[in-house]
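Enquirer: After the structure tokens below, expect a handful of questions from me.
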Amino acid sequence: MTPFVDFQRVSLAYTPAQERAGEYAVEDISLSIGKGEFVAIVGPSGCGKSTFMKLTTGLKSPTRGTVVVGGHPVKGPLKIVGMAFQAPNLLPWRTTLDNILLPLEIVEPYRSNFRAKRAEYEQRARALLATVGLDGYEHKFPWELSGGMQQRASLCRALIHEPEMLMLDEPFGALDAFTREELWCVLRDLWTARRFNVVLVTHDLREAVFLADTVYVMSKRPGRILARREIDLPRPRELETTYTDEFNTLVHELRTRIGR
Amino acid sequence: MNNKFAERTAPIALLILVIALWEIICRVFQVSEFIFPSPSQILQATIDYAPVIAQHAWRTFWVTMAGFGISIVVGVVLGFVIGSSRIAYTAVYPLMTAFNALPKAAFVPVLVVWFGIGIGPAMLTAFLISFFPIMVNIATGLATLEPELEDVLRVLGAKRLDVLLKVGLPRSLPYFYASLKVAITLAFVGSTVSEMAASNEGIGYLLVSAGSAMKMPLAFAGLMVIGVMAMAMYELFALVEKRTTAWAHRGGHGS
């Protein structure tokens, strides 16, 4: 089976000066992600997880090595990707609905027919909001939503153009523990229903084990891949799973790989 | 409810208090009107000279607004250029800061040589003194975009211009209105100063000629008129700001 995302010995230095000094943000990364696979990347802060995301989405080109996504070498920004970050970054002058429609105003092929098909797209956005439990909040402004709700809306914005891959950079990092677990389930359900690829960058090992098919552990700068662990817990996984011995053994094992 | 009422009436109450105190002091100490006219004498002068004051006030008003209009256009365009390009920002900003430090009154003689006595110098002084805050605020609004949000949009294939139009400009609108409120008061300063030195019409001219004729109540009436005009324009922009960028003033809207 040909992988959907394929990294071959990829290194990235942000500036030529850093390259000469051998200061790489990520170094010698090789990995393959299958179609529809849910991947989590864990590691200490500053380990180049965000750099990994920039490489995968084509926002940065590797200094050495090749990145192939969907059978094509990555040369520029990949429009088949949706992104969400720790900060929801919703635009305060737009309602929730308009925030979610923003990508459609930019990405082709939606952009050219956005005005003509607005009603249809609004319908799609409403349906998406309903699946994350935000129905009824379409016309609220972001500051009228709680942190968890804003993050749900941010997920919807990342998914509205039906991307093949979802890139999440510590999306639940700023939320309280209960809200975080709620959103794990939201993400799990979205992924189960649509089976897009997910790359989840996180500090939270429980989050990684609960959600992912495969967890990669990265080292401190320069970021290298220290370990790859397949999570063979049966699906569907419930929050109850996180209290089983099997689950905790996995979390513990990953923790020891990170070291320190 | 009571608090809100107090908040609304406080400026008016203070104004009345100051005027009353002023009047009392002038009467009790019998201050000569050539030195410091009392409010009632100023009011009398305002009524006596109403047609003259109105004529000069109108001149100052439209000249100021014309200069202010130029500074909005120039300020927004320059701010957009500076805010959207790092190189333009580093190139232009120090020059602009140096320029802004120059006293604009010093430009008036130069402007007179170029444009003669009349509306030219007044309009341009109003422009020169008021475009800077507008430019800086637009540039700041554009230059402080969240990098992550830019990533979200760039992955979708957004061009720099898309990001600026969809996110940058709306985001800098509150800054823009805040700068308008500052700039309009500065514009009145500019036009009046210029009229004092080089004009034969406008409130600035009225101030100088009333002063040299020892008509102090009239001079003070002119000052009052300037203050009222600037305050009225300030309030107008504050109102527009509240209407169009409610999202930036949370509490006040919706929630």
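Top to bottom, those sequences are chains A and S.
Each residue of the first sequence is one higher than the last, beginning at 5 in the numbering used here.
Each residue of the second sequence is one higher than the last, beginning at 5 in the numbering used here.
Ideal placement from N, C-alpha and C gives every residue a C-beta, glycine not left out.
Note that the structure is predicted; figures quoted are calculated from it, not measured.
Can you round the beta-carbon distance between I39(S) and T50(S) to whole angstroms, since I take them to be within the 8 Å contact cut?
Expert: Contact doesn't hold; Cβ gap of about 19 Å is too wide.
Enquirer: Can you name the residues of chain S whose CB is closer than 9 Å to the CB of A91(A)?
Expert: E150, E152 and L153
Enquirer: Could you check whether R24(A) and G69(A) sit closer than 9 Å to each other, using their CB atoms as the reference points?
Expert: no
Enquirer: Can you list, in chain order, the residues of its chain with a C-beta nearer than 6 Å to that of A223(S)? Leave out the 5 residues immediately preceding and following it.
Expert: L211, A214 and G215
Enquirer: Using alpha carbons as the reference points, say which of R115(A), F11(A), M57(A) and P20(A) lies closest to I37(A).
Expert: The option with the nearest alpha carbon to I37(A) is F11(A).
Enquirer: If you count every other CB in all the chains shown that lies within 10 Å of the CB of L18(S), and 16 or more means buried, which is it?
Expert: exposed
Enquirer: Tell whether a beta-carbon distance below 9 Å holds between S176(S) and I142(S).
Expert: yes
Enquirer: So what does DSSP say about I230(S), is it helix, strand or coil?
Expert: helix
Enquirer: Hey, quick one: how far does the beta strand (DSSP E) through N117(A) stretch, first residue to last?
Expert: Per DSSP, N117(A) lies in no beta strand (DSSP E) and is assigned neither H nor E.
Enquirer: Please confirm whether T144(S) has its beta-carbon closer than 9 Å to some beta-carbon of chain A.
Expert: Judged by the 9 Å Cβ criterion, T144(S) is not in contact with chain A.
Enquirer: Report the neighbours of E109(A) on chain S: residues whose CB is nearer than 8 Å to its CB, in chain order.
Expert: K170
Enquirer: Residue range of the beta strand (DSSP E) that T206(A) falls in?
Expert: N201 to T206
Enquirer: What does D85(A) touch in chain S if you count any residue whose Cβ is under 9 Å from its own?
Expert: Contrary to the premise, residue 85(A) reads as Val rather than Asp in this sequence. Ordered by position in chain S, the residues that pass the 9 Å Cβ test against V85(A) are V159 and L160.
Enquirer: Just how far apart, CA to CA, sit M69(S) and D52(S)?
Expert: 27 Å
Enquirer: Figure out for me which residue from R161(A), Y114(A) and E124(A) has the closest Cα to the Cα of L133(A).
Expert: R161(A)
Enquirer: Taking Cβ positions only, does L163(A) come closer than 9 Å to chain C?
Expert: Chain labels in this structure do not include chain C; the protein chains are A and S.
Enquirer: Which word fits V244(S), buried or exposed, when buried means at least 16 other C-beta atoms lie within 10 angstroms of its C-beta?
Expert: exposed
Enquirer: With DSSP as the reference, please indicate the residues paired to S15(A) in a beta bridge.
Expert: R68(A)
Enquirer: Could you check where the alpha helix (DSSP H) with F72(S) kicks off and where it finishes?
Expert: A54 to S88
Enquirer: Along the chain, where does the alpha helix (DSSP H) that runs through G208(S) open and close?
Expert: I207 to S216
Enquirer: Which residues bound the beta strand (DSSP E) around E234(A)?
Expert: In the DSSP assignment, E234(A) falls within the unbroken beta strand (DSSP E) covering I229 to E234.
Enquirer: Does the beta-carbon of K224(A), which I'm using as the reference point, lie nearer than 8 Å to any heavy atom of the ligand SAM?
Expert: Looking for the ligand SAM in the displayed structure turns up nothing, as the structure carries no ligands at all.
Enquirer: In angstroms, rounded to a whole number, what distance separates the CA positions of K270(A) and F8(A)?
Expert: An answer regarding residue 270(A) cannot be provided, because it is not within the stretch 5 to 264 covered by chain A.
Enquirer: Just how far apart, CA to CA, sit G258(S) and W147(A)?
Expert: Because the pLDDT of G258(S) is 39, which lies under 50, any placement of that residue in the model is unreliable, and the number read from its coordinates should be weighed accordingly. Rounded to the nearest whole angstrom, the CA to CA distance from G258(S) to W147(A) is 10 Å.
Enquirer: Measure the beta-carbon distance from V213(A) to F251(A) and round it to whole angstroms, keeping in mind my assumption that it falls under 8 Å.
Expert: 6 Å
Enquirer: Got a sec: is the Cβ-Cβ distance from V156(S) to anything in chain A below 9 Å?
Expert: yes
Enquirer: Which two residues bound the contiguous beta strand (DSSP E) that contains E148(A)?
Expert: Note, E148(A): premise wrong, no beta strand (DSSP E); not H, not E.
Enquirer: Could you check the C-alpha separation between T67(A) and F136(S) for me, to the nearest Å?
Expert: If I take the Cα positions, the gap works out to 43 Å.
Enquirer: Within 10 angstroms of the Cβ of D155(S), are there 16 or more other Cβ atoms? Answer buried if so, exposed if not.
Expert: buried
Enquirer: Quick check: L187(A) and R210(A), are their CB atoms within less than 9 Å of each other?
Expert: no
Enquirer: Among residues of its own chain, excluding the 5 on either side of K108(S), which ones have a beta-carbon nearer than 8 Å to its beta-carbon?
Expert: T129, L132, I133, G194 and V197
Enquirer: How is the beta strand (DSSP E) around T218(A) delimited, first residue to last?
Expert: T218 to M222
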